[in-house]
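Residues are numbered in the working numbering as their position in the sequence shown, beginning at 1, plus a constant of 13.
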Amino acid sequence: MQIVLLSGGSGKRLWPLSNEIRSKAFLRLLPTEDGGMESMIERVCRGLDEAGLLDSSCIVTHCSQVEITRKSVGNQIALLAEPQKRGTFTAVALAASYLHSVKKIDLEEIVVVIPVDSYVEASFFSQLRQFPSVLSKSQADIALIGVTPEFPSTQFGYILPSGGSEGTSFLNVKQFAEKPNELAAAEFISRGGLWNCGVFSCSLGYLLSSMVAR
Numbered sequence: 014m015q016i017v018l019l020s021g022g023s024g025k026r027l028w029p030l031s032n033e034i035r036s037k038a039f040l041r042l043l044p045t046e047d048g049g050m051e052s053m054i055e056r057v058c059r060g061l062d063e064a065g066l067l068d069s070s071c072i073v074t075h076c077s078q079v080e081i082t083r084k085s086v087g088n089q090i091a092l093l094a095e096p097q098k099r100g101t102f103t104a105v106a107l108a109a110s111y112l113h114s115v116k117k118i119d120l121e122e123i124v125v126v127i128p129v130d131s132y133v134e135a136s137f138f139s140q141l142r143q144f145p146s147v148l149s150k151s152q153a154d155i156a157l158i159g160v161t162p163e164f165p166s167t168q169f170g171y172i173l174p175s176g177g178s179e180g181t182s183f184l185n186v187k188q189f190a191e192k193p194n195e196l197a198a199a200e201f202i203s204r205g206g207l208w209n210c211g212v213f214s215c216s217l218g219y220l221l222s223s224m225v226a227r
């Protein structure tokens, strides 16, 4: 299983603490168990390392953030630089090309994509190992992680599940909506909709075929 971390955000939400060069993922705002502070990117990489997944991970970031990214994570993880910010699809496409052409990863291998600014519990990273099993048992092309909404946010996409088979650890997806307005978001929540947290998984072959189709 390969992990792709997406970085390179614009840093607008916590301005002026964050900016184009130093997005919120690099701000040391999170307390550690030893009384220190760490950034989101440091916490995510530490979590992956503790779960034994860091060696199979890479980070995609914008070229303007290469230096600060390397200072944050050291040389323990591959770093891919985008010359321009073109959104999630192009970042994932760059990672898929790297995995296929440089690392020679098998097309059947599962790839998990995670935003580097994900704020999650430590147990989250070990649970990522369930993705291959979920994809195999569900026979789906892609699997996502949904989060129970706290309010009708317009900043998230929404996943509407249709239920799952008895004894399974997954739900089938009936509908997906990308950042609906507040009224529509409230409607999704009333129907059992989940926030899309940006974490998804599929085979490398599926990623590459999606690139060609796009």
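Glycine residues also receive a C-beta, built at the ideal position from the N, C-alpha and C atoms.
Excluding its 5 nearest sequence neighbours in each direction, glycine 159 has C-beta neighbours in its own chain below 6 Å: Ile172, Leu207, listed in chain order. Pairing alanine 64 with lysine 37, the inter-Cα distance amounts to about 24 Å. Counting the other CB atoms within 10 Å of its CB gives leucine 196 a total below 16, which places it among the exposed residues. Boundaries of the alpha helix (DSSP H) harbouring threonine 101: 101-110, taken from the DSSP string.
Residue environment: glutamine 78 is assigned as buried (16 or more neighbouring CB atoms within 10 Å of its CB, all protein chains considered). Proximity to serine 69 across His75, Tyr111, Arg56 peaks at Tyr111, based on C-alpha coordinates.
Straight-line measurement puts the Cα of valine 105 at about 11 Å from the Cα of proline 128. Per the C-alpha coordinates, the member of Cys210, Arg83, Leu107 positioned closest to methionine 224 is Leu107.
With a beta-carbon spacing of about 12 Å, valine 57 and valine 17 fall beyond the 8 Å limit used to define contacts.
For the segment 169-213, the full-length alpha helix (DSSP H) segments reaching 4 residues or more read 195-203 along the chain. Taking the CA atoms as reference points, arginine 41 sits about 6 Å from methionine 50. In this structure the segment 210-222 lies against the segment 121-136, because at least three pairs of beta carbons, one per stretch, are closer than 8 Å.
Minimum Cα-Cα distance from aspartate 154 among the listed residues Ser222, Ala94, Ser52 corresponds to Ser222.
Contact between threonine 101 and leucine 19 holds, with the beta-carbon distance rounding to 7 Å and staying under 8 Å. By the criterion of a C-beta distance shorter than 8 Å, threonine 167 is surrounded in its chain by Lys192, Pro193, Asn194, Glu195, Ala198, once the five residues flanking it on both sides are discounted.
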